[in-house]
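Engineer: Using full-length UniProt numbering, the first residue of the sequence shown is number 1, and each one after it goes up by one.
Virtual Cβ for every residue (Gly too), placed ideally from N, Cα, C.
This is the structure I want to talk about, given as structure tokens.
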Amino acid sequence: MNTIEAIQQRRATKSFDASHKMSAEEQKALLNIALQNAPSAFNLQHWRPLLVNDPAQREKIREAAWGQAQVTDASMLVVLCGDLSSWESQVKNIWGAAAEPVQQYMFSAIDQYYRGKAQTQRDEVMRSSGIFAQTLMLAAKAQGYDSCPMDGFDFDAVGKIINKPEHYQIGLMVAIGKGTSQPYPRIGKLPFDDIVKVDRF
Ligand SMILES: Cc1cc2nc3c(=O)[nH]c(=O)nc-3n(C[C@H](O)[C@H](O)[C@H](O)COP(=O)(O)O)c2cc1C
């Protein structure tokens, strides 16, 4: 499957084969594709995916997700969080091995971009989460899996269930597994010329 085919064949899957199990290695390998290759601003890798394997945790999350079956039936459930403080806490780990002038440039640029800017810190987590999620879903598709991106849940309730640290923000969840039904044909796509403008809005 090439990239365009993976993009075209990825659909938000509503029902998964609950009996299909993915090994820990398979889950890890899939996550690693996104961890190693998804882009992030300043390479700060804001994402902090939480893999939820415990059936009891899945049940609780499902309750907080208005009963959506994907949460319990998927072979893999990721609550995709991001670290709002990655720009400060990880900058030396990420850029510390670069040449001295590059380090100095990055430290200063990153500090100016994020310090004291709560909205920017949050926006960045959301951008990184979105890109990470799509990378993960396309990788899953390429490996014969279906997926569903999800934000239909009570964020505060899920935060409590997963014991989310204060400085983490939930972006969305991604369920991955073997779909059991054919997706509906794609509908309602907005016309190109209504959506895409050139040079100025
Ligand atoms: C951020 C986000 C949140 C979503 N939340 C849910 C969800 O909670 N439950 C669900 O069944 N689908 C969810 N979807 C899937 C969308 O409904 C779906 O992507 C859209 O209808 C287009 O269909 P397609 O992905 O099959 O092309 C979500 C999609 C995105 C991007």
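Curious, which full-length alpha helix (DSSP H) runs of at least 4 residues does the segment 29 to 66 contain?
Structural biologist: The segment 29 to 66 contains these whole alpha helix (DSSP H) runs: 55 to 64.
Engineer: Anything with a beta carbon under 6 Å from a heavy atom of ligand 1 counts; list them all in chain order.
Structural biologist: Chain-ordered list of matching residues: ARG11, ALA12, LYS14, GLN68, CYS148, PRO149, MET150, ASP151, GLY152, LEU172, PRO183 and ARG186.
Engineer: Whose CA, out of SER85, PRO185, ILE170 and TYR145, lies closest to the CA of ASP156?
Structural biologist: Taking the sequence shown and counting its residues from 1, one reaches residue 156 at position 156. The residue with the shortest Cα to Cα distance from ASP156 is ILE170.
Engineer: In whole angstroms, what separates the C-alpha of VAL158 from that of PRO55?
Structural biologist: Working through the sequence shown from its first residue, we reach residue 158 at position 158. Working through the sequence shown from its first residue, we reach residue 55 at position 55. If you take the alpha carbons of VAL158 and PRO55, they lie about 15 Å apart.
Engineer: With DSSP as the reference, identify every bridge partner of PHE16, one or two as the case may be.
Structural biologist: Position 16 of the sequence shown holds residue 16. BP columns for PHE16 point to GLY179.
Engineer: Which class does VAL71 belong to by DSSP, given the choice of helix, strand or coil?
Structural biologist: Translated into the one-based positions of the sequence shown, residue 71 becomes position 71. Correct three-state label for VAL71: helix.
Engineer: Check each candidate in PHE16, ASN43, PHE153 and LEU172 and name the one with the smallest Cα separation from ILE94.
Structural biologist: Your numbering for residue 94 matches position 94 in the sequence shown. The option with the nearest alpha carbon to ILE94 is ASN43.
Engineer: In whole angstroms, give me the CA-to-CA distance for SER108 and SER128.
Structural biologist: Walking along the sequence shown from the start, residue 108 turns up at place 108. Walking along the sequence shown from the start, residue 128 turns up at place 128. If I take the Cα positions, the gap works out to 21 Å.
Engineer: To which residues of the same chain is ARG122 closer than 8 Å at the C-beta, ignoring the five residues directly before and after it?
Structural biologist: Residue numbering aside, residue 122 sits at position 122 when the sequence shown is read from its first letter. So the list reads LEU84 and GLN169, once near-sequence residues are dropped.
Engineer: State the beta-bridge partners of GLY171 as determined by DSSP.
Structural biologist: Mapped onto the sequence shown, residue 171 falls at position 171. Answer by DSSP bridge pairing: none, since GLY171 is not bridged.
Engineer: Apart from the five residues on each side of it in sequence, which residues of its chain come closer than 6 Å, Cβ to Cβ, to MET137?
Structural biologist: Along the sequence shown, one-based indexing puts residue 137 at 137. So the list reads ARG10 and SER147, once near-sequence residues are dropped.
Engineer: Taking GLN143 as the reference, give the member of GLN27, PHE132, PHE16 and ALA18 with the closest Cα.
Structural biologist: Here residue 143 is taken as the residue at index 143 of the sequence shown, counted from 1. That would be GLN27, whose Cα lies nearest to the Cα of GLN143.
Engineer: Let me confirm a value: MET76 is counted as buried when at least 16 other C-beta atoms fall within 10 Å, else exposed. Which label applies?
Structural biologist: Within the sequence shown, residue 76 is the residue found at index 76, counting from 1. Buried, since its Cβ has 16 or more Cβ neighbours within 10 Å.
Engineer: State the start and end residues of the unbroken beta strand (DSSP E) segment that holds SER147.
Structural biologist: Here residue 147 is taken as the residue at index 147 of the sequence shown, counted from 1. Counting along the chain, the beta strand (DSSP E) containing SER147 begins and ends at 146 to 150.
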